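Here's the structure, in structure tokens; my notes come after.
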Amino acid sequence: MRIALDFDKTYNIAPEFWDTFINISQESGHEVILATYRHKEYDWDPLLDNLDIPMYFTDGKAKKPFLEELGIVVDIWIDDNPYSITDDSAWLPDSPELHAWRVENQKRIDQEQMKRN
Ligand SMILES: [Mg+2]
5 MRIALDFDKT YNIAPEFWDT FINISQESGH EVILATYRHK EYDWDPLLDN LDIPMYFTDG
65 KAKKPFLEEL GIVVDIWIDD NPYSITDDSA WLPDSPELHA WRVENQKRID QEQMKRN
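Position 27, counted from 1, in the sequence shown is what the numbering used here calls 31; the numbers after and before it change by one each time, with no gaps.
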């Protein structure tokens with residue numbers, strides 16, 4: 005099976021749990037990929053540094069058609085937002101909502117970085 009795992013409110017809620025899930029899946033001969041609405045450069049998260057699976061950043065595009073265009077067919081989707089599989093994000097690339105989310109996201113990353121140092 006090819007299993008697509010979402011990042012926000014899925015992987016990032018419980019990275020250790022999902023790392024275990026990924027390992028067990030791979031040991032059983034299944035493939036796990038990351039499929040996220042995020043933009044690869046603008047929305048990079050430090051958690052992604054340690055993730056050694058194929059990652060697909062759709063930049064707000066519906067995930068299923070995005071991957072199928074690349075010839076990637078997913079058997080199982082794991083996603084807190086099932087609509088993201090078939091529908092484009094409601095936040096357009098230049099929308100204030102996306103901008104506000106990016107500002108907040110960067111703040112959170114910076115705070116976590118400061119806690120670690
Ligand atoms: Mg999500």
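For glycine and all other residues, C-beta sits at the position ideal for the given N, C-alpha and C.
Being a predicted model, the structure only gives us computed values, none of them experimental.
Check                                                                                                                : Outcome
Taking DSSP as the reference, what is the three-state secondary structure of TYR1?                                   : In the structure displayed, the chain extends from 5 to 121; residue 1 sits before or after that span and is not available.
Does ALA39 come out as helix, strand or coil in the three-state DSSP assignment?                                     : strand
Distance check for MET59 and ALA66, CA to CA, integer angstroms please.                                              : 15 Å
Considering only their Cβ atoms, is the gap separating LEU74 from VAL36 smaller than 7 Å?                            : no
Cα-Cα, which of THR62, TYR41, ILE7 is closest to ILE28?                                                              : ILE7
I need the straight-line Cα distance from LYS68 to ILE89, nearest angstrom please.                                   : 5 Å
Confirm the yes/no value for this check: CB of LYS44, any heavy atom of ligand 1, distance under 6 Å.                : no
Would you report the Cα separation of LEU96 and GLY64, rounded to the nearest angstrom?                              : 7 Å
Go through the residues and name those whose CB comes closer than 7 Å to any heavy atom of ligand 1, in chain order. : ASP10, PHE11, ASP12, LYS13, THR14, ASP83, ASP84, ASN85, SER88
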